[in-house]
Structure formats: C-alpha cells, structure tokens
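Numbering of the sequence shown is given in this note's numbering, commencing with residue 64 and proceeding in unit increments. Glycine residues also receive a C-beta, built at the ideal position from the N, C-alpha and C atoms. Just so you know, these numbers come straight off a predicted model, no measurement behind them. Report on one structure; see the data block that follows.
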Amino acid sequence: DQKREGSMRSIRRRNAASVEQGELAGAGHAPKRGRQVESEQSEETENGGISRSDSIIFQQASRFFRIRQFKEDTKKGGTDKLGCGPPLWCAKNSFCASSARILASIKISDPDEAMKFLRETDEEALKNSCVGTPLFVGQSNVKTYTNSYKRFAGMEVGDIVAMIVPGPPLKSEVYFGVIRSNDLKHMTPSEAEEAEFPAMHLLQGGFRFNGLMLREVRWLRKAFVRDLPGQKLGKNNQFTVPWLAESSPFWLSERSEHLNMIKSQSFMEKTTPVEEN
C-alpha cells in the first residue's frame, strides 16, 4: 500500500508540473516551451479539439472525483430551479466549492489549519466533532457531509474532477478539470457576495453554510451528458452515465473502469476544450 501511494503521489507531482508549467512532458518527449508549444497545441485543437497536454493530464490521473455543487439546496428558496448557478460560477472562476459550515463546527477559521485538521483527523473523530451542533441534522447527515469534507480536503494536485451543470432534458453538461493547488481557500459570505456568487440565499437566513471552502481547478474539457461515452439505458427508457453517478457531494473513484473511461480516446473525442478565463 505504501508503495502504491508513493507511486500515485509521484504521478500527481508529474501531473502538477504539466498543469502549472504548461510543458508537454511525457514518456519519450522532452519538455517544450513558448512558440513550439503554442503551435502544437493550436494545431491539435483545430484538428478535433484535442490537445496533447489535455490528453497527458487525463492519462496520468490516478484518482477521479465527481462533484455535486449544491444542486438540491440551490433550488430551495431561490429562483434557480435547476440548480445550475453555483457550478457555472465555479467553472467561470476556476474553483470547485463546498459549504464551510464544518469550519464553524471544528472552530477553526484559518484555511491552512483547517486543511491540516480535515486531512489528518479520521472520519469517526471528525463526525464526533459535528454531532450535537446546530449545523448538522441527524447522524446520516453528519456522516454524509463529514465524509465529503474529508474528500474535499484530500484532493491533491493532479486529481481529476467532474462537475455536472444541471440543465433541461438533454442539456445537462459536465465539466472535467484537474486540481491545480493543494491549498484550501475560505470565502466569507460578504466576500462571496462581492464575487457575485449566484446563490447567496445559501449563505444567509436558515442555511448554515458559513461561507464557502474552495479548491482551485483548471477546467479542461466539457460535454453534454448525452454525448459522453459509457451510456446505458435505464428506467423509463432514459439513457444514463453510471460512471458519473454520485451518492454524496464529493464522491471519489479509484475504480479502473472509471479512470479508463476518462483516459479513453472516445472521451477525448466526445468532449471539447474549456476556454480559460
């Protein structure tokens, strides 16, 4: 297990270099810079929307997170009936987000200290720190969210994330990106309002979000759910994408079939590049 974890960390470090430096470094390829990189990326993007750097980043992934951004909460008490505002805001601002109510529960406000606590505290101890507080309702609620906070803090540079943007029938989209920093950011309600977070009712009144926790993401590819590979016919003759299904706000997959899906040529062909802001 230690050998495997060391190998995964090594892969993520190489992935980080590819993301942050923009180098097309791979097996048998020397790092390239400047006009040479721009020329190759431009040419490959024009020929089918696939850049070699995108492909390398997905190929190197060892962990894949599926993220749900406040969909059900957003639809309550607001005008966004589909719950698409927060994920679109995250895509625009190069983040993925979580409520920060755990910070109030553990009584830590400094993001660096919070990250250390969330990463190093086991799930049972973290759950016990939340039980009995007014921030969570019921044991199942505590378990669901504390596990999700652990995953949110545990994401590392090079991990791949998928974020669904809900839409009307056949119009839901998925953004795929890579974690680009191991830092945790905390945005207070007033800061979120200044940053034009589209669901401010979540940070006020009866909701106990206590602001937002954020992780930096470089969003790379996107597609309509209907176009992604791995479709299966489900109930009511509706097609579904099982490898994107999640059962909590932050769902981690290390299953080979899910990783193989995002590493496949079919995935690259059926997704398009996300323009950087």
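Check your understanding: What does a CB cutoff of less than 7 Å around K213 pick up in its chain, not counting 5 residues either side in sequence?
Key -> Working through the sequence shown from its first residue, we reach residue 213 at position 150. Correct list, in chain order: L181, E186, L189.
Review point. Cα separation between F287 and K248?
Key: Counting from one through the sequence shown, the residue named residue 287 turns up at place 224. Counting from one through the sequence shown, the residue named residue 248 turns up at place 185. So the alpha carbons of these two residues sit roughly 29 Å apart.
Review point. Can you check whether the CB of V237 is closer than 7 Å to the CB of P150?
Key: Counted from its first residue, the sequence shown places residue 150 at position 87. Counted from its first residue, the sequence shown places residue 237 at position 174. No, the Cβ-Cβ distance between P150 and V237 is not below 7 Å.
**Study point:** Residue burial classification, F215 (beta-carbon count within 10 angstroms, cutoff 16)
**Key:** For the purposes of this step, residue 215 is taken as the residue at position 152 of the sequence shown. It counts as buried.
Exercise for review: Output the distance between the C-alpha atoms of K295 and F330, rounded to the nearest integer angstrom.
Suggested key: Position 232 of the sequence shown, counting from 1, holds the residue named residue 295. Position 267 of the sequence shown, counting from 1, holds the residue named residue 330. Their Cα atoms are separated by approximately 15 Å.
Exercise for review: Assign G148 to one of three DSSP states: helix, strand, or coil.
Suggested key: Translated into positions along the sequence shown, residue 148 becomes position 85. Three-state DSSP puts G148 in a helix.
Exercise for review: Look at N273 and A167 and say whether their C-beta atoms are less than 7 Å apart.
Suggested key: Translated into the one-based positions of the sequence shown, residue 273 becomes position 210. Translated into the one-based positions of the sequence shown, residue 167 becomes position 104. In this structure, A167 lies closer than 7 Å to N273 by Cβ.
**Study point:** Distance, R243 Cα to A279 Cα
**Key:** Translated into the one-based positions of the sequence shown, residue 279 becomes position 216. Translated into the one-based positions of the sequence shown, residue 243 becomes position 180. Rather than Ala, the amino acid found at residue 279 in this sequence is Glu. Their backbone Cα atoms lie some 6 Å apart in a straight line.
Review point. Cα-Cα, which of L145, F128, K333, K138 is closest to P231?
Key: Numbered from 1 along the sequence shown, position 168 holds the residue referred to as residue 231. Of the listed residues, the one whose Cα sits closest to P231 is L145.
Check your understanding: When the Cα atoms are used, what is the spatial distance from K262 to G141?
Key -> Mapped onto the sequence shown, residue 262 falls at position 199. Mapped onto the sequence shown, residue 141 falls at position 78. Correcting the residue identity first, residue 262 is Ala in this sequence and not Lys. If you take the alpha carbons of A262 and G141, they lie about 7 Å apart.
Practice item. Return the Cβ separation of G221 and Q122 in integer angstroms, given the expectation that the two are a contact with Cβ distance under 8 Å. Key: Counting from 1 along the sequence shown, the entry for residue 221 is found at position 158. Counting from 1 along the sequence shown, the entry for residue 122 is found at position 59. Actually they do not touch by this definition, with Cβ atoms about 11 Å apart.
Check your understanding: Helix or strand or just coil, what does DSSP make of I130?
Key -> Walking along the sequence shown from the start, residue 130 turns up at place 67. In this structure, I130 counts as strand in the three-state DSSP scheme.
**Study point:** Element boundaries [alpha helix (DSSP H), containing K179]
**Key:** On the sequence shown, residue 179 is found 116 positions in, with the first residue counted as 1. Taken as a continuous stretch (DSSP letters only), the alpha helix (DSSP H) holding K179 covers 174–183.
Check your understanding: What's the gap between the Cα of A163 and the Cα of D143?
Key -> For the purposes of this step, residue 163 is taken as the residue at position 100 of the sequence shown. For the purposes of this step, residue 143 is taken as the residue at position 80 of the sequence shown. Distance between the alpha carbons of A163 and D143 is about 21 Å.
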